[in-house]
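Counting from 65, one number per residue, gives the positions in the sequence shown under the numbering used here. Presented below is the structure to which this report refers.
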Amino acid sequence: MSDDFLSGTCEPCRGGIPPLTKAEADGYLQRVSGWELVDEGLRIERNFTFRNFKEAMDFVASVGNLAEMQGHHPDISFGWGWAKISWQTKKIKGLHENDFIMAAKTDQLFHS
């Protein structure tokens with residue numbers, strides 16, 4: 065987990081900028097272990113496992129609260145003992161540094 069990502073905050077993205085290239089995204093990905101590029105490098109995703117439904121639900125609620133505070137929102141799916149978090153900057157239809165900041169912060173929530 066990258067400390068500079070953890071101390072970062074999401075910059076508002078108004079669109080009109082290019083998403084990260086696959087090579088740039090690969091470089092950022094090296095700094096957030098456990099995440100993978102999906103959809104041809106247009107988003108990052110990670111699966112998390114839990115002991116039961118409540119732990120998964122509480123984690124998802126924590127990620128939702130973080131997303132609201134940062135103004136950057138993931139796609140989330142979850143069920144008994146699992147959650148999948150997917151980050152993408154929708155305004156640019158691809159990845160931005162913000163997505164990797166949020167991935168690191170998501171990991172921090174999972175490990176706390």
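For each residue, glycine too, the CB sits at the ideal point set by N, CA and C.
Which same chain residues, not among the five before or five after Lys148, have their C-beta less than 6 Å away from its C-beta? Excluding sequence neighbours, Lys148 sits near Asn111 and Ser141.
Go to Phe142, then tell me how far its beta strand (DSSP E) extends in each direction, as first and last residue. From DSSP, the beta strand (DSSP E) with Phe142 extends over Asp139 to Gly143.
State the Cα-Cα distance for the pair Phe164 and Arg115, rounded to the nearest angstrom. Those two C-alpha atoms are separated by around 26 Å.
What separation, rounded to the nearest whole angstrom, lies between the Cα atoms of Pro178 and Trp144? Residue 178 is absent from the model: the chain starts at 65 and stops at 176.
Coarse secondary structure for Asn162, derived from DSSP in three states: Of the three classes helix, strand and coil, the one that applies to Asn162 here is helix, per DSSP.
So, helix, strand or coil for Glu132, using DSSP? Looking at Glu132 - three-state DSSP - the assignment turns out to be helix.
Between Leu159 and the rest of its own chain, which residues show a CB-CB distance below 6 Å, the 5 nearest in sequence each way excluded? Cβ within range, chain order: Pro83, Leu84 and Ala89.
What do you get for His175, buried or exposed, if any count of 16 or more other CB atoms within 10 angstroms of its CB means buried? Looking at its Cβ environment, which holds fewer than 16 other Cβ atoms inside 10 Å, His175 is exposed.
When the Cα atoms are used, what is the spatial distance from Met166 to Phe117? So the two alpha carbons sit approximately 23 Å from each other.
Counting C-beta neighbours from all protein chains within 10 Å, is the total for Asp171 16 or more, i.e. buried, or is it exposed? Buried, by the Cβ-count rule.
Is it buried or exposed, Lys169, if we count other Cβ atoms within 10 angstroms and call 16 or more buried? Classification of Lys169: buried, given that the 10 Å Cβ count is 16 or more.
Please tell me whether Gly158 has its Cβ less than 8 Å away from any Cβ of chain B. Absent from the structure is chain B; it holds one protein chain and no more.
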